[in-house]
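The structure appears below as structure tokens.
Residue numbers (the UniProt record's numbering): 1 to 94.
Next up, the structure:
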């Protein structure tokens, strides 16, 4: 069972996702805002995968990506914002 978070970027937008047995089970979309920011605008997890921590895994991967690329994150998505509210260690990228 593969549930590593993967990243796909297409132009000025992209998404983090989790694929299990060839099927995408969770996705968090974002858009680039200028040179140094990304806006997380939507997170969704397929039915049956609630409570598995997929959403938080994707936010964690977004934070790692932001740190590696000197980006800041604007969490417009209510779920992503709730993770930032709960995890103080992530706030350096806000």
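In this text, a Cβ means the ideal position worked out from N, Cα and C, and glycines have one as well.
| task | Check whether the Cβ atoms of residue 38 and residue 76 lie closer than 7 angstroms to each other. | result | Contact check for residue 38 against residue 76 fails: the beta carbons are separated by 7 angstroms or more.
| message | Pull the bridge partners of residue 37 from the DSSP assignment, please. | response | Note: residue 37 sits in a beta bridge opposite 33 and 72.
| Own chain residues within Cβ distance below 6 angstroms of residue 29, not counting five before or after | Excluding its 5 nearest sequence neighbours in each direction, residue 29 has C-beta neighbours in its own chain below 6 angstroms: 15, 41 and 42, listed in chain order.
| Inter-residue spacing [alpha-carbon to alpha-carbon] between residue 80 and residue 55 | Near 8 angstroms, if we compare the C-alpha coordinates of residue 55 and residue 80.
| Beta-carbon proximity of residue 93 to residue 74, cut-off 7 angstroms | No, the pair does not count as a contact, with Cβ atoms beyond the cut-off.
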